[in-house]
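What follows is a set of notes on a single structure, which appears directly below.
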Amino acid sequence: VHAVTRTIVVGDVHGCLEELDELLRALQCGEDDRLIFAGDLMDRGPDPVGVVRRVRELGAACVQGNHDEKHVRWARHEAKRRADAKYKNPMRMSPERQKDNAALRDEDVAWLGALPKMIKLDEKWIVVHAGLEAGLPLARQKEAAMLRLRYVDARGRFLAIKGPGDMPEGGAIWATRWTGPESVIYGHAVHDLATPRHDEPTAGVECWGIDTGCCFGGRLTAFLPATKEIVQVAAKQKYAELAVEE
Ligand SMILES: [Mn+2]
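With the first letter of the sequence shown counted as 1, position 244 gets the number 239 in our numbering; the numbers rise by one all the way through.
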């Protein structure tokens, strides 16, 4: 039991339930701790539904990731299809992921669908799954950026990727062009399989990328902004090939 409330942000879990449980033990999480997940609980790892259930049981906060959002949309289309034999689900999803989607309870889907795109921790720090566009106040940030942003143009605005792993011409990692004033903790992009990425694009404005690719055989990372402490567990195995999907 810790005397002081800790704020702990956990990177993309992507179905890695065993590693999540090990991380929670390593952190010795107690009732006083404030746990926030950086999104993308679903897909890639062995037990995405178990991860959603665990995070809900913990009563933890979570921002929505693009994989979580996709499952919410898929479930809505499937509900329509069940109600209307002529309705065709316009989305594509692998059979394995469809099975996971079907294993989510309605309340799990509702919970995933109600996740915020951004969580403000305090006066300095915010958590978002993917990224933020420079020069826009928080209230004007776009959902697409918060769910999917990787690269930005010279003005710090969204640059779409053309193919897997492509950095668009003239592009840069969004965190290198973020102008603040908030400091940001984010997931989504695996910059390294071991070490979180730290940028300080403006003095006193920090960006911490804490997706260290556990599902790809890297590590699951927890980051404590107050102390800049990093707590990690190694993946038990490589569950998926490292790939940029969107
Ligand atoms: Mn993502």
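From the three backbone atoms N, C-alpha and C, an ideal C-beta is built for every residue, glycine too.
Candidates GLU91, ASP95, ARG92 and ARG71: closest to PRO85 by CA position: ARG71
Taking GLU73 as the reference, give the member of GLN93, ASN61 and LEU219 with the closest Cα. GLN93
Three-state secondary structure (DSSP) at GLY45? helix
Where ASP95 falls: helix, strand or coil (DSSP): helix
Given a threshold of 16 other Cβ atoms within 10 Å of its Cβ, counted over all protein chains shown, does ARG20 qualify as buried or as exposed? exposed
With H, G and I counted as helix, E and B as strand and the rest as coil, what does DSSP make of CYS209? helix
Residues sharing a beta bridge with ILE3, DSSP: LEU30
Check the C-beta distance from VAL179 over to ILE121 and give it rounded, since I have them as a contact under 8 Å. 6 Å
Own chain residues within Cβ distance below 6 Å of ALA129, not counting five before or after: GLY151, ARG172, TRP173 and THR174
Does ligand 3 have even one heavy atom less than 7 Å from the beta-carbon of ALA139? The model on display carries ligand 1 but not ligand 3.
May I have the straight-line CA-CA distance separating LEU142 from GLU64, to the nearest angstrom? 8 Å
Given LEU219 as reference, the closest of CYS11, GLU14, ALA33 and HIS9 once Cα atoms are compared: ALA33
Is it buried or exposed, GLN227, if we count other Cβ atoms within 10 angstroms and call 16 or more buried? buried
Which term fits VAL8, buried or exposed, when burial requires 16 or more other beta carbons within 10 angstroms of its beta carbon? buried
I need the straight-line Cα distance from GLY54 to LEU133, nearest angstrom please. 25 Å
In the structure shown, what three-state DSSP assignment does VAL50 receive? helix
Cβ-Cβ distance between LEU215 and GLY6 below 8 Å: yes
Whole-angstrom Cβ separation of HIS183 and ASP35, contact assumed at under 8 Å? 7 Å
Check this for me: beta carbons of ALA230 and GLY213, under 8 Å apart or not? yes
Is the beta carbon of LEU125 sitting closer than 8 Å to the one on LEU144? Note on identity: in this sequence residue 125 is Ala, with Leu being the wrong assignment. For ALA125 and LEU144, yes; Cβs fall inside 8 Å.
From VAL58 to TYR82, what does the alpha carbon distance come to, in whole angstroms? 31 Å
Whose CA, out of LYS223, LEU154 and LEU12, lies closest to the CA of LEU127? LEU154
Write down every uninterrupted run of the alpha helix (DSSP H) in the stretch 66 to 127 whose length is 4 residues or greater and which is fully enclosed by it, in chain order. 90 to 98 and 101 to 108
Using 8 Å as the Cβ pair cut-off and three pairs as the minimum, do the stretch 190 to 197 and the stretch 36 to 55 touch? no
Residue burial classification, ASP161 (beta-carbon count within 10 angstroms, cutoff 16): exposed
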